[in-house]
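Only one structure is covered here, and it is reproduced in the block below.
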Amino acid sequence: MVRLTTYTDGLKICHVNCQSLMAHLDEFRFYFMRADYHIICISETWLRPEVGDAMIALPGYTLHRCDRRDRVGGGVAFYLADNLSAVVLRDSAGSPAHRPEYIVAEISFRDASKFLLAVVYRPPNSGYLNDFFKLFLELQVNYRHSAIFGDFNADMLQHTYDSQMMNTFIDSSSLHLVPFGATHHLKNSSTLLDLCIVDDAEKVTEYGQRDVAFLSAHDLIYIKYGVRIERSCGRTVTCRDWGRLDEAMLSSDVEEVDWSELMAADSMDDKIDIFTANLMGLLNRHAPLKRRQFKNFPAPWLTDDIRQAMHERNQARRLWRRRRTNYNYDRFKQLRNNTQRMIRAAKSNYYLQHFGRMEGACEVWNGLRHLGLIKGKDSGVRLSHSVEELNAFFAGDERMCAAEDLRLSFAELLSGRYEDTSFHWKYVPPLDIRRAVIRTTSNAIGTDGISAKYLKIIVDSILPILEHLFNCSLSSGFFPTGWKSALICPIPKVKNPTLAKHYRPISILPVLSKALERVVCEQIRCYLEDAKLFDPCQFAYRRNHSTQTCLIRMLDDVRRAADLRMVTVSVFFDFSKAFDRVDYLTLLRKLKTLNFSDNVLCWIFSYLTGRTQRVRDGATGTISSSTPVGTGVPQGSVLGPLLFTLYLSDFGQVLTNCKYNYYADDLQIYLHCKPGELARAIHSVNEDIGSVICWATANKLIINADKTQSIIFGTARYINTLDLDSISSIVVGATPIQYSSSVKYLGVVIADNLSWEKQVTSTTGKIRSVLYRLKLYKHLFPSSLRLRLVTSLITPYIDYCCAAFTSMTAECDLMLYRAVNGCIRYVFDIRSDVHITPYYCKLRMLKIGARRDYFVGCQLFNLLQTRQPVLLAESYNLRTQITGRTTRASTGDLALPLCRTECYKRSFRLAAIRLWNGLPSSVRDTRTLTTFKLRLYTHLLEVTSLC
Numbered sequence: 015m016v017r018l019t020t021y022t023d024g025l026k027i028c029h030v031n032c033q034s035l036m037a038h039l040d041e042f043r044f045y046f047m048r049a050d051y052h053i054i055c056i057s058e059t060w061l062r063p064e065v066g067d068a069m070i071a072l073p074g075y076t077l078h079r080c081d082r083r084d085r086v087g088g089g090v091a092f093y094l095a096d097n098l099s100a101v102v103l104r105d106s107a108g109s110p111a112h113r114p115e116y117i118v119a120e121i122s123f124r125d126a127s128k129f130l131l132a133v134v135y136r137p138p139n140s141g142y143l144n145d146f147f148k149l150f151l152e153l154q155v156n157y158r159h160s161a162i163f164g165d166f167n168a169d170m171l172q173h174t175y176d177s178q179m180m181n182t183f184i185d186s187s188s189l190h191l192v193p194f195g196a197t198h199h200l201k202n203s204s205t206l207l208d209l210c211i212v213d214d215a216e217k218v219t220e221y222g223q224r225d226v227a228f229l230s231a232h233d234l235i236y237i238k239y240g241v242r243i244e245r246s247c248g249r250t251v252t253c254r255d256w257g258r259l260d261e262a263m264l265s266s267d268v269e270e271v272d273w274s275e276l277m278a279a280d281s282m283d284d285k286i287d288i289f290t291a292n293l294m295g296l297l298n299r300h301a302p303l304k305r306r307q308f309k310n311f312p313a314p315w316l317t318d319d320i321r322q323a324m325h326e327r328n329q330a331r332r333l334w335r336r337r338r339t340n341y342n343y344d345r346f347k348q349l350r351n352n353t354q355r356m357i358r359a360a361k362s363n364y365y366l367q368h369f370g371r372m373e374g375a376c377e378v379w380n381g382l383r384h385l386g387l388i389k390g391k392d393s394g395v396r397l398s399h400s401v402e403e404l405n406a407f408f409a410g411d412e413r414m415c416a417a418e419d420l421r422l423s424f425a426e427l428l429s430g431r432y433e434d435t436s437f438h439w440k441y442v443p444p445l446d447i448r449r450a451v452i453r454t455t456s457n458a459i460g461t462d463g464i465s466a467k468y469l470k471i472i473v474d475s476i477l478p479i480l481e482h483l484f485n486c487s488l489s490s491g492f493f494p495t496g497w498k499s500a501l502i503c504p505i506p507k508v509k510n511p512t513l514a515k516h517y518r519p520i521s522i523l524p525v526l527s528k529a530l531e532r533v534v535c536e537q538i539r540c541y542l543e544d545a546k547l548f549d550p551c552q553f554a555y556r557r558n559h560s561t562q563t564c565l566i567r568m569l570d571d572v573r574r575a576a577d578l579r580m581v582t583v584s585v586f587f588d589f590s591k592a593f594d595r596v597d598y599l600t601l602l603r604k605l606k607t608l609n610f611s612d613n614v615l616c617w618i619f620s621y622l623t624g625r626t627q628r629v630r631d632g633a634t635g636t637i638s639s640s641t642p643v644g645t646g647v648p649q650g651s652v653l654g655p656l657l658f659t660l661y662l663s664d665f666g667q668v669l670t671n672c673k674y675n676y677y678a679d680d681l682q683i684y685l686h687c688k689p690g691e692l693a694r695a696i697h698s699v700n701e702d703i704g705s706v707i708c709w710a711t712a713n714k715l716i717i718n719a720d721k722t723q724s725i726i727f728g729t730a731r732y733i734n735t736l737d738l739d740s741i742s743s744i745v746v747g748a749t750p751i752q753y754s755s756s757v758k759y760l761g762v763v764i765a766d767n768l769s770w771e772k773q774v775t776s777t778t779g780k781i782r783s784v785l786y787r788l789k790l791y792k793h794l795f796p797s798s799l800r801l802r803l804v805t806s807l808i809t810p811y812i813d814y815c816c817a818a819f820t821s822m823t824a825e826c827d828l829m830l831y832r833a834v835n836g837c838i839r840y841v842f843d844i845r846s847d848v849h850i851t852p853y854y855c856k857l858r859m860l861k862i863g864a865r866r867d868y869f870v871g872c873q874l875f876n877l878l879q880t881r882q883p884v885l886l887a888e889s890y891n892l893r894t895q896i897t898g899r900t901t902r903a904s905t906g907d908l909a910l911p912l913c914r915t916e917c918y919k920r921s922f923r924l925a926a927i928r929l930w931n932g933l934p935s936s937v938r939d940t941r942t943l944t945t946f947k948l949r950l951y952t953h954l955l956e957v958t959s960l961c
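Numbering (the numbering used here), first residue to last: 15 to 961.
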């Protein structure tokens with residue numbers, strides 16, 4: 015993407031009181047996308063936090079906002095052109111009611127100059143305006159340029175207390191009030207409420223006001239401030255002309271390519287270069303690159319008839335402004351209302367037709383992105399740092415090492431002997447290669463220019479060549495250099511990033527590189543599983559292992575300890591940039607101990623070393639220079655996560671006292687103890703923490719003590735009697751860690767007394783937030799799509815790790831039940847007083863308790879079938895295996911362990927066994943998970959309908 019730029023000698027800023035941005039969003043976009051303002055200030059946005067930025071996005075601008083949270087109305091915001099950047103310094107979020115609302119920001123230009131901007135809305139008859147004035151003057155001393163825009167609800171055309179207070183502030187601060195005329199026009203009066211206050215009158219090179227009848231009764235005011243800034247003139251996009259591609263002809267031309275030169279090449283890099291050149295030559299011929307002007311059509315339903323109605327409405331308002339008669343005002347009001355009805359009806363018809371004819375998910379999600387209900391793929395927002403600065407930060411000085419020294423040290427690891435018992439690469443058949451290519455879902459294009467879409471079209475024609483390349487790479491122990499270059503896309507981790515650490519580097523690798531990695535991963539996983547070399551406490555990047563099984567293992571252990579009248583001391587560690595700190599030699603030594611052969615080690619060494627990266631700015635298309643990467647597994651790769659888990663594979667030898675769980679780099683250790691032995695247990699935990707720190711140091715990993723958390727789990731009876739202030743602290747290094755009342759682990763909030771109230775509150779809050787956004791556009795969606803949206807956007811919040819919530823109380827279930835009821839009422843557009851159960855039956859939808867039983871049953875069936883994870887599966891045995899006797903009642907039943915407390919009784923283990931033993935044999939005796947799911951769901955529907 016290329017952005018053409020010129021420079022202008024004026025910063026053009028406008029302000030308007032819009033009296034509900036969402037209500038006028040279509041015309042707002044239509045108007046301002048044709049304007050040339052750098053900053054658009056808004057008061058009375060009437061936005062709520064549930065309305066995401068994407069829903070009110072203005073292409074080419076970034077939104078900064080401060081919403082009124084305690085009641086309806088109010089709110090201030092400003093849209094900033096993408097070629098500028100801003101840092102919000104102060105805002106009124108959290109201020110008491112009936113006080114001025116404001117947002118104060120620092121605007122940065124390319125030449126490093128700064129501009130202080132404040133957007134203010136003062137509700138009628140509110141005080142405390144001097145508090146804002148004081149704040150602004152304190153900040154202003156650090157800036158050469160500053161301005162205040164807003165609606166102060168003080169008529170500056172009249173001599174009142176409010177206007178006198180404004181004039182006193184302006185005069186005493188040596189500021190200047192831009193002399194606009196009346197800006198607020200009602201049927202029988204006009205007042206000057208919308209103000210612009212600048213630091214120097216001579217810097218205002220132009221000012222004026224415009225009628226914006228589509229927004230509110232307020233005029234738009236604007237100024238041009240005399241500073242030289244970059245102006246965006248437009249964007250062009252370079253893309254492939256897929257529309258003219260003839261797939262049959264392309265495949266035919268690929269089959270006619272002479273690959274003899276490739277087959278005869280000695281070097282793997284030469285083979286890849288020839289392969290890439292041939293494919294790119296064909297691609298350029300059949301789907302050449304083209305440049306097109308970047309255009310946005312924010313409201314395609316605004317037809318010529320509607321635009322004519324908008325024009326007549328605007329003319330009527332101008333006529334009323336000149337001749338203030340009742341007839342002219344009533345005519346303007348009638349035209350305004352008719353225009354709004356026309357826009358709403360046209361928008362509704364457009365989306366009902368648009369979504370009604372959609373068959374593929376891609377079209378649906380593109381339509382939702384256009385509405386802002388889901389996040390867009392590319393925001394195009396300017397980066398806060400240059401691509402070179404970000405590239406240097408992502409690479410890091412600590413990631414560099416001497417390549418020659420590394421190569422010599424690696425050579426010492428090799429034994430030079432061939433051993434049958436070691437892990438060797440297997441020959442890769444064409445079917446595995448084809449499957450690996452087809453599984454690629456990302457459309458991102460790596461540095462070689464070959465896309466997944468292109469490969470999927472021609473994969474059958476080039477399978478023999480891919481078979482040769484993949485097997486040649488594995489047998490030679492060499493990973494192609496051309497596939498080691500990563501294109502880094504910086505993704506903001508915070509809303510308004512200002513530092514390099516606020517960006518997350520996302521690596522885009524060549525598609526064929528990831529296909530080869532997928533084949534390699536499959537072979538490594540098969541070997542590790544067959545040899546039982548996986549760490550049983552590592553729950554990431556493995557089949558049948560998930561966040562849910564990780565949570566179940568830990569919670570069942572804690573509940574089992576509670577059943578024995580014990581509490582559990584737990585520590586959750588945070589590692590800083592763990593994937594980026596993997597040391598190559600240390601990793602290869604560990605792989606050597608896992609009996610990887612010399613050839614496999616050589617290939618992995620080649621895969622890891624010699625990598626480079628470049629950072630790309632998605633807004634401008636700028637790409638940094640290439641930087642070598644000396645440590646860490648490549649993020650965004652397929653093989654990298656698996657290698658990282660193997661890097662941690664020796665952790666099981668570190669701890670002396672505690673148990674542990676690993677999910678990727680999320681480490682938790684815990685120890686059970688009697689409440690009277692808590693001091694000794696904490697001492698033991700601290701001993702193991704010392705061992706963890708030593709292990710991390712030896713492996714060049716860094717523990718972030720500030721983000722590490724500690725907690726003591728147990729029943730409410732024991733937890734409530736603990737005096738945490740008098741208990742000795744958990745210490746990480748030299749940093750004491752305060753005990754928390756709850757922790758968020760793997761996306762789930764767990765309280766110290768094992769209550770799910772905070773988790774349910776969080777879940778229902780997310781559900782209501784999404785449902786609020788969906789309701790704003792309810793009239794645009796057919797009922798079938800509304801059901802699809804609820805299933806896609808809301809049910810994941812309900813179902814995530816729900817099999818671990820077997821101890822959910824009736825109160826928490828009721829909260830979830832009501833949230834789900836709201837979703838069903840949204841789908842069928844029914845009132846809150848209508849009985850909901852018939853609609854559950856119509857959807858064949860399980861209620862909360864039965865839905866959780868469904869996921870519990872599916873998880874248990876998978877455990878019994880796969881015996882994975884081992885740490886969970888070993889707890890489930892048939893009753894006959896325990897008693898040694900076979901009876902009619904015990905056939906197929908699982909043994910139920912002894913249980914003393916309600917806490918353990920409601921653990922996953924016992925709840926799952928009770929559910930299993932209560933299922934009919936027709937459900938339990940199924941062979942496949944798919945069939946079991948169907949029969950279990952049907953059984954639960956029948957049971958709940960009987961209830």
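Beta carbons: idealized from backbone N, C-alpha and C, even for Gly.
From the listed residues 599, 917, 720, the smallest Cα separation to residue 647 is found for 599.
Residue state for residue 516 is assigned as helix, using DSSP reduced to three classes. Scanning 596, 463, 115 for the CA closest to the CA of residue 714 turns up 596.
For residue 387, the three-state secondary structure derived from DSSP is coil.
Around residue 621, the same chain offers 493 as residues with beta carbons nearer than 6 Å, after the five sequence neighbours per side are excluded. Under the rule that a run must span 4 or more residues, the alpha helix (DSSP H) segments found entirely inside the segment 569-647 read 598-607, 612-622.
Contact between residue 566 and residue 526 is ruled out by a C-beta separation of about 38 Å, above the 8 Å threshold.
Annotated as proximal: residue 120 and residue 131, with beta-carbon spacing under 9 Å. By the criterion of a C-beta distance shorter than 6 Å, residue 165 is surrounded in its chain by 31, 57, 135, 207, 208, once the five residues flanking it on both sides are discounted. Residue pairing by DSSP places residue 427 in no beta bridge whatsoever. Judged by DSSP secondary structure, residue 885 falls within the alpha helix (DSSP H) whose first and last residues are 884-887.
When only Cα atoms are considered, residue 730 and residue 433 end up about 57 Å apart. By the beta-carbon neighbour count (other beta carbons within 10 angstroms, threshold 16), residue 828 is exposed.
In the three-state DSSP reduction, residue 756 falls in the strand class (E or B). If the five residues before and after residue 651 are omitted, its C-beta is found closer than 8 Å to the C-beta atoms of 521, 523, 527, 528, 531, all from its own chain and listed in chain order. Contact between residue 763 and residue 754 does not hold, since their C-beta atoms are separated by about 11 Å, which reaches or exceeds 8 Å.
Distance from the CA of residue 72 to the CA of residue 215, rounded to the nearest whole angstrom, comes to 30 Å. Ranking 24, 451, 436 by CA distance to the CA of residue 443 puts 451 first.
Annotated three-state conformation of residue 199 is strand, per DSSP. Nearest Cα to residue 202 within the set 190, 183, 231: 231. An exposed status is given to residue 943, since fewer than 16 other beta-carbon atoms sit within 10 Å of its beta-carbon. Three or more beta-carbon pairs separated by less than 8 Å are not found between the segment 398-410 and the segment 418-437, which leaves the two stretches without contact. By the neighbour-count definition (other C-beta atoms within 10 Å, threshold 16), residue 167 is a buried residue. DSSP places residue 368 in the helix class (H, G or I) of the three-state scheme. Secondary structure note for residue 828: its alpha helix (DSSP H) is the uninterrupted segment 824-842. Counting only runs of 4 or more residues that sit fully inside the segment 290-367, the alpha helix (DSSP H) segments are 318-336, in chain order. Comparing C-alpha distances from residue 123 to each of 97, 864, 593 shows the shortest one belongs to 97. If you draw a straight line from the Cα of residue 845 to the Cα of residue 797, it is about 15 Å long. Here residue 88 is near residue 82, since their CB atoms are less than 9 Å apart.
Within the DSSP secondary-structure output, residue 503 pairs in a beta bridge with 520.
The segment 715-723 makes contact with the segment 736-750: 3 or more CB pairs, one atom from each, lie closer than 8 Å. Burial check for residue 238: the Cβ neighbour count within 10 Å reaches 16 or more, so the residue is buried. Cβ-Cβ distances below 8 Å link residue 751 to 585, 719, 722, 723, 724, 743, 744, 745 in the same chain, with the five nearest sequence neighbours on each side left out; the list follows chain order. Beta-bridge pairing by DSSP links residue 55 to 29, 92.
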